[in-house]
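Q:
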Amino acid sequence: MTQNVIQDVVVPKCSGKTMRVEKGQIFRIIAHEGKQVVDLTFLNADNYKEQFAAEHSSVLNSLKGLGGYYRLTNLYSKPPFENIMATVVDDLVGDGGRGGERAGHFMMCHCSKRLLEHLGFPGTRTCSDNFADAFKEIGLRQEDTYDESIFNVWMNSWIGEDGGMCSESPLVETGDHIDFRAEMNLIAVISVCPDETSPCNDFKAKALRFQVLAGEE
Amino acid sequence: MSNQLLEEFTVPRCSGKAFIVEAGRYLRVIESEGKQVAGLMFFNAHNYKEQFMAEFSGGLNYFRPPEPGKMGSHYRLGELYSKVPYENLMLTVTDNKIGDHFLGTHCSKLMMEVLGAPGHRSCTDNFSDALKEFGMELEDVYSPSIINAFANVTIDQKADGEVHIRPPRSVKDDYIEFLAEMDVLVAVSACPDDQSPMNDHVCKSVGIQIYK
Chain A
32 MTQNVIQDVV
42 VPKCSGKTMR
52 VEKGQIFRII
62 AHEGKQVVDL
72 TFLNADNYKE
82 QFAAEHSSVL
92 NSLKGLGGYY
102 RLTNLYSKPP
112 FENIMATVVD
122 DLVGDGGRGG
132 ERAGHFMMCH
142 CSKRLLEHLG
152 FPGTRTCSDN
162 FADAFKEIGL
172 RQEDTYDESI
182 FNVWMNSWIG
192 EDGGMCSESP
202 LVETGDHIDF
212 RAEMNLIAVI
222 SVCPDETSPC
232 NDFKAKALRF
242 QVLAGEE
Chain P
1458 MSNQLLEEFT
1468 VPRCSGKAFI
1478 VEAGRYLRVI
1488 ESEGKQVAGL
1498 MFFNAHNYKE
1508 QFMAEFSGGL
1518 NYFRPPEPGK
1528 MGSHYRLGEL
1538 YSKVPYENLM
1548 LTVTDNKIGD
1558 HFLGTHCSKL
1568 MMEVLGAPGH
1578 RSCTDNFSDA
1588 LKEFGMELED
1598 VYSPSIINAF
1608 ANVTIDQKAD
1618 GEVHIRPPRS
1628 VKDDYIEFLA
1638 EMDVLVAVSA
1648 CPDDQSPMND
1658 HVCKSVGIQI
1668 YK
């Protein structure tokens, strides 16, 4: 099966970007250079107030037996909208194809200025900077968005027994991909995570490849 | 502590209420009956765009120097921070005997459908009612990032990371106390979920006290 590739871009390491995905199209993320996390959120392209809500989706997927904080099937928008924005239709890592005790994604916040200060790396570039740059492309300010509640694709982190966040290197290998089917017209907002202080990106920031594919008829 | 009680009221079962707590004052959220979750949202009273961000605060607490792991975590918060790009300290937890919190979302219209109770009242309705008094619409806030005070909910450490909801461990008169580090607008939801173990299957009221 050859799907028609509509967009195909490599997003450089440590940067942010937005991409438009029409309803029915497939948004594909490809591990371009190995173990690298992408922090991802979605906006309704026709109403930017309708934004993806990661933890809310985790609980809804958990109650439906379709995932949890480490894997999602349905990506819901925040209340009061609560629409399915996208569906994960191909997820090798999340489905256990690369082993691991967990599905291998993380539905939660991204790295920020204050977090890196707490971790002892003040002044380091963070996903906050990437998201701010990305939102600017569509005329939004970070004050008007909720980018802390995101899909950390291939981030192999979990909440430990004491409620603390634990991380290991991603399970993903070069060439692996994950596919999201757009259930409405979407703006995908991307941060290619710049963290090199933790195992999150295996201590080295890398580029990632993104494609938009025509949906199957 | 001999603080002066300024205000005291009850948030009736299955309802929401919003009010201002000035900087330097203490807010107590009290189990007036026990085993009841209080959903709590916070805003900078002078800039509603500056909202408390729950999960984000969990990470900031856990990694906070000088002793990482001491200040708090996803289940027990010591400091409440606002969302990016602000990242300011909004409130500090000053008394927290029970210690159970769940940082994350609240129950919603869709969640009630999934739980088999379509049309059932949810925290979405409570927050929507409460914030209306301050001219805010739920579309303009990020409601699913709250402290669920007294909630006994955990995230599985393995597999898909499913949520496990258990009845609260709190009993009558237990409370959590916060010190406001800025003037804050507080929205409280006495969680109306009787479909899951969240409130031990019976919805109850929540007590509020504000001290000087």
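Protein chains in written order, with our numbering: chain A, 32 to 248; chain P, 1458 to 1669. Idealized CB from N, CA, C, for every residue including glycine.
1) Is the stretch 186–199 of chain A in contact with the stretch 1518–1528 of chain P, if contact means three or more CB pairs nearer than 8 Å?
2) Taking histidine 1531/P as the query, report the chain A residues whose CB atoms sit under 8 Å from its CB, ordered along the chain.
3) Is the Cβ of glutamate 45/A closer than 8 Å to any Cβ of chain P?
4) Note the first and the last residue of the continuous beta strand (DSSP E) segment covering lysine 1506/P.
5) What does histidine 102/A pair with, by DSSP beta-bridge criteria?
6) Can you name the residues of chain A whose CB is closer than 7 Å to the CB of threonine 1519/P?
7) Whose C-alpha, out of Lys1506/P, Val1645/P and Asp1617/P, is nearest the C-alpha of isoleucine 1401/P?
8) Using a cut-off of 9 Å between C-beta atoms, extract the partners of lysine 95/A located in chain P.
9) Between glutamate 86/A and phenylalanine 1513/P, is the Cβ-Cβ spacing less than 8 Å?
10) Considering arginine 1626/P, what are the terminal residues of the beta strand (DSSP E) in which it resides?
11) Can you tell me the Cβ-Cβ gap for serine 222/A and valine 52/A, rounded? I've got them flagged as a contact below 8 Å.
12) Just to confirm, are asparagine 1605/P and histidine 1558/P a CB contact at a threshold of 8 Å?
13) Do proline 43/A and alanine 213/A come within 8 Å of each other at the CB atom, strictly closer than that value?
14) By the criterion of Cβ-Cβ separation under 8 Å, what are the contact partners of methionine 1568/P in chain A?
15) Give me, in chain order, the residues of the same chain whose beta-carbon lies closer than 6 Å to that of valine 13/A; leave out the 5 immediate sequence neighbours on both sides.
16) With distances taken from CA atoms, which of Leu71/A, Val120/A and Gly65/A is nearest methionine 50/A?
17) For a contact meaning CB atoms closer than 7 Å, what does glycine 98/A contact in chain P?
18) Mind listing which residues of the stretch 131–143 of chain A have their C-beta closer than 7 Å to chain P's C-betas, in chain order?
19) If you reduce the DSSP assignment to three classes, tell me which class leucine 1517/P lands in.
20) Figure out for me which residue from Leu1462/P, Asp1651/P, Gln1666/P and Glu1596/P has the closest Cα to the Cα of lysine 1506/P.
21) At 4 residues or longer, and completely inside the stretch 157–203 of chain A: list those alpha helix (DSSP H) runs for me, N to C.
22) Please confirm if proline 1601/P has its CB atom under 8 Å from at least one CB of chain A.
23) How big is the Cα-Cα spacing for serine 250/A and asparagine 1460/P?
24) Can you pull out the residues from the stretch 156–184 of chain A whose beta carbon lies closer than 8 Å to at least one beta carbon of chain P?
25) Short of 7 Å in beta carbon distance, which residues of its chain neighbour aspartate 1651/P, apart from the five on each side in sequence? Order them along the chain.
26) Please report the straight-line C-alpha distance between phenylalanine 183/A and histidine 136/A, rounded to a whole angstrom.
A: Based on what the coordinates show:
1) yes
2) Counting from one through the second sequence, the residue named residue 1531/P turns up at place 74. Those are Ile190, Gly194, Gly195 and Met196, listed as they occur along chain A.
3) The count along the first sequence starts at 1 and reaches residue 45/A at position 14. The amino acid occupying residue 45/A in the given sequence is cysteine; glutamate does not appear at that position. Not an interface residue.
4) As a first step, residue 1506/P is located in the second sequence; it is residue number 49 there, counting from the start. It spans 1504–1508 - the beta strand (DSSP E) in which lysine 1506/P sits, taken as one unbroken run.
5) In the first sequence, residue 102/A corresponds to position 71, counting from 1. The question names histidine, but residue 102/A in the sequence shown is arginine. Gly99/A.
6) Taking the second sequence and counting its residues from 1, the one referred to as residue 1519/P is at position 62. One detail in the question is off: residue 1519/P reads as tyrosine in this sequence, not threonine. Per Cβ cutoff of 7 Å: Gly195 and Met196.
7) Since the displayed chain P opens at 1458 and closes at 1669, residue 1401/P lies outside it and no answer follows.
8) Translated into positions along the first sequence, residue 95/A becomes position 64. Neighbours of lysine 95/A on chain P, chain order: Val1571.
9) On the first sequence, residue 86/A is found 55 positions in, with the first residue counted as 1. On the second sequence, residue 1513/P is found 56 positions in, with the first residue counted as 1. Cβ distance not < 8 Å, so glutamate 86/A and phenylalanine 1513/P don't count as in contact.
10) Sequence index remark: in the second sequence, residue 1626/P carries index 169 (1-based). Looking at the DSSP string, arginine 1626/P is not in any beta strand (DSSP E), and its letter there is neither H nor E.
11) Position 191 of the first sequence, counted from the start, is the residue given in the question as residue 222/A. Position 21 of the first sequence, counted from the start, is the residue given in the question as residue 52/A. Going by Cβ atoms, the distance from serine 222/A to valine 52/A rounds to 17 Å, so no, they are not a contact pair.
12) Residue numbering aside, residue 1605/P sits at position 148 when the second sequence is read from its first letter. Residue numbering aside, residue 1558/P sits at position 101 when the second sequence is read from its first letter. Their beta carbons are under 8 Å apart, which means asparagine 1605/P touches histidine 1558/P by this criterion.
13) Numbered from 1 along the first sequence, position 182 holds the residue referred to as residue 213/A. Numbered from 1 along the first sequence, position 12 holds the residue referred to as residue 43/A. Not in contact: alanine 213/A and proline 43/A (Cβ atoms no closer than 8 Å).
14) Counting from one through the second sequence, the residue named residue 1568/P turns up at place 111. Those within 8 Å of methionine 1568/P in chain A are Val90, Leu91 and Leu94.
15) Nothing can be reported for residue 13/A: it is not among the residues displayed for chain A, which extend from 32 to 248.
16) Within the first sequence, residue 50/A is the residue found at index 19, counting from 1. It is Leu71/A whose Cα lies nearest to the Cα of methionine 50/A.
17) For this step, residue 98/A is matched to residue 67 along the first sequence. Residues of chain P passing the Cβ test: Asp1617.
18) Glu132, Arg133, Ala134, Met139, Cys140 and Ser143
19) Along the second sequence, one-based indexing puts residue 1517/P at 60. Three-state DSSP puts leucine 1517/P in a helix.
20) As a position in the second sequence, residue 1506/P is number 49, starting the count at 1. Selected option, being the one with the closest Cα: Glu1596/P.
21) 158–168
22) Here the question's residue 1601/P lines up with position 144 in the second sequence. It does; some Cβ of chain A falls within 8 Å.
23) This structure gives no information on residue 250/A, because the portion of chain A shown stretches from 32 to 248.
24) Ser159, Phe162, Ala163, Gln173, Glu174, Asp175, Tyr177, Asp178, Glu179 and Ser180
25) Locating residue 1651/P in the second sequence gives position 194, counting from the first residue. Once the five neighbours on either side are set aside, the close Cβ partners of aspartate 1651/P are His1658, Val1659 and Cys1660.
26) For the purposes of this step, residue 183/A is taken as the residue at position 152 of the first sequence. For the purposes of this step, residue 136/A is taken as the residue at position 105 of the first sequence. Here the sequence assigns asparagine to residue 183/A, which means phenylalanine is not the residue at that position. Taking the straight line joining both Cα atoms gives about 6 Å.
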